[in-house]
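See below for the structure under consideration.
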Amino acid sequence: MAPSTLPIRHLYRHLLRELPPISQSRSSLHQQLREQFSQKSKPFDMAAGTQLLKYLQSQRMYVTLLERYNPGLAGEMDVAENVRLTARRVGLDVSGMDGRKSKL
20 MAPSTLPIRH LYRHLLRELP PISQSRSSLH QQLREQFSQK SKPFDMAAGT
70 QLLKYLQSQR MYVTLLERYN PGLAGEMDVA ENVRLTARRV GLDVSGMDGR
120 KSKL
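Quick note on numbering: the sequence shown equals residues 20 to 123 in our numbering.
If you want it as C-alpha cells, here you go:
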C-alpha cells in the first residue's frame, strides 16, 4: 500500500462514520464518495475532503445540540415530558404529577 493512500483511506473512513448508518439503503452520497475515492485517473482533493468532514461533524453536533436545548423542535417529545423537563430546568420536580389532570 502506498504511503499516500493511507491518509485518503483514513479520511474516507471518517466521512463514512459521519453519514447515516448503512442499515438503511445506501444513499447517493455514499455512492458519490466511493466513486471519488476510487478514481485512479483523478486524485482526490484532500483539502475538499477535510472540509466536507468538518462540515458533516458540525452538522451532527448542531442536530445534537438542537435536540438537547430545544426539545420541542424535534417533535418527538410529548407535552408531559416537555413540562417535566422545563420544570426541571428551574429546579422543580413534577414527577409525582403523572396521570393527574390540572384543575386550571
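Note that CB positions come from ideal geometry on N, CA and C, so glycine has one too. Keep in mind it's a predicted model, so treat the numbers as computed, not measured.
Coil, strand or helix - N101 by DSSP: Here residue 101 corresponds to residue number 82 of the sequence shown, with the count starting at 1. Helix.
Close-in-space but distant-in-sequence residues of the same chain around L25 (CB under 6 Å, 5 per side omitted): Your numbering for residue 25 matches position 6 in the sequence shown. The answer is none, since no qualifying residue turns up.
Straight-line Cα distance separating R108 from A99: Sequence index remark: in the sequence shown, residue 99 carries index 80 (1-based). Sequence index remark: in the sequence shown, residue 108 carries index 89 (1-based). A99 and R108: Cα-Cα distance of roughly 14 Å.
DSSP three-state assignment for S44, whether helix, strand or coil: Reading the sequence shown from its first residue, position 25 is the one you call residue 44. DSSP places S44 in coil when its eight states are reduced to three.
First through last residue of the alpha helix (DSSP H) which encompasses S77: Translated into positions along the sequence shown, residue 77 becomes position 58. Run containing S77: 65-88, per the alpha helix (DSSP H) assignment.
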